[in-house]
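Undergrad:
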Amino acid sequence: MAIVQCPNCNESISSRHKACPHCKTVMGELSAEELAAIAAKNRVKQQQRLLNWSFVALILFLGGFFYLYWRMPAQGSLEHLLGRAAVFIGCAWYLVNRVILVYLKKKK
Numbered sequence: 041m042a043i044v045q046c047p048n049c050n051e052s053i054s055s056r057h058k059a060c061p062h063c064k065t066v067m068g069e070l071s072a073e074e075l076a077a078i079a080a081k082n083r084v085k086q087q088q089r090l091l092n093w094s095f096v097a098l099i100l101f102l103g104g105f106f107y108l109y110w111r112m113p114a115q116g117s118l119e120h121l122l123g124r125a126a127v128f129i130g131c132a133w134y135l136v137n138r139v140i141l142v143y144l145k146k147k148k
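Note that the sequence shown ends on residue 148 in my numbering; no numbers are left out.
(1) Of all the options VAL44, SER55, ARG83 and TYR109, which has the alpha carbon lying nearest to the alpha carbon of VAL142?
(2) Applying the criterion that 16 or more other CB atoms from any shown protein chain within 10 Å of the CB defines a buried residue, is CYS63 buried or exposed?
(3) Could you check whether the region 73-81 touches the region 109-116, counting it as contact only if at least three pairs of C-beta atoms, one from each stretch, sit closer than 8 Å?
(4) Would you check if there are 3 or more beta carbon pairs closer than 8 Å linking the region 128-136 to the region 91-103?
(5) Is the CB-CB distance between SER52 and GLN45 below 8 Å?
(6) What span of residues does the alpha helix (DSSP H) with VAL44 cover, start to end?
(7) How long is the line joining the alpha carbons of TRP93 and LYS147, rounded to whole angstroms?
(8) What first and last residue would you give for the alpha helix (DSSP H) that runs through LEU94?
(9) By Cβ distance below 6 Å, which residues in the same chain neighbour CYS60 in space, the five residues on each side in sequence not counted?
(10) Determine the direct distance from the alpha carbon of ALA72 to that of ILE140, and round the result to whole angstroms.
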C-alpha cells in the first residue's frame, strides 16, 4: 500500500482506493486523455488563483503608494512606516506571483 496523489484534487490517498474519498473520482477508470484534461483544468485553476492574488498584491501596493502620496505622513512616523511597508510587500508579492505565472505558462 502506497500513498498517492489524486489527479483531480491532489489530496493524498491510499493506492488501494478505487475512488478518491475527497472528490469521488474513480481512479482505475481514467484514461490518459481524462488525466490530461484534469491536469489542464488544475493548471488553469492555479493560474486563476495566482492572478487573483496578483490583483490583491497590486491593490496593496497602490493603496500604500497613494496613501504616502496624498497624506504625506512625517518621516519616521508609524503611518509613514506602514505606508512604505505596504508598498514594499505589495510590490514583492506582485512580482513573485507574476514570476510563478510565467513559469507555469512555460511549463506547459
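Ideal placement from N, C-alpha and C gives every residue a C-beta, glycine not left out. As the structure is a prediction and not an experimental result, all values here were calculated from the model.
TA: Judging by the given coordinates:
(1) ARG83
(2) exposed
(3) no
(4) yes
(5) yes
(6) That residue, VAL44, is in no alpha helix (DSSP H); its beta strand (DSSP E) goes 43-45.
(7) 20 Å
(8) Checking the sequence shown, residue 94 turns out to be Ser, not Leu. From DSSP, the alpha helix (DSSP H) with SER94 extends over 72-111.
(9) CYS46 and ILE53
(10) 27 Å
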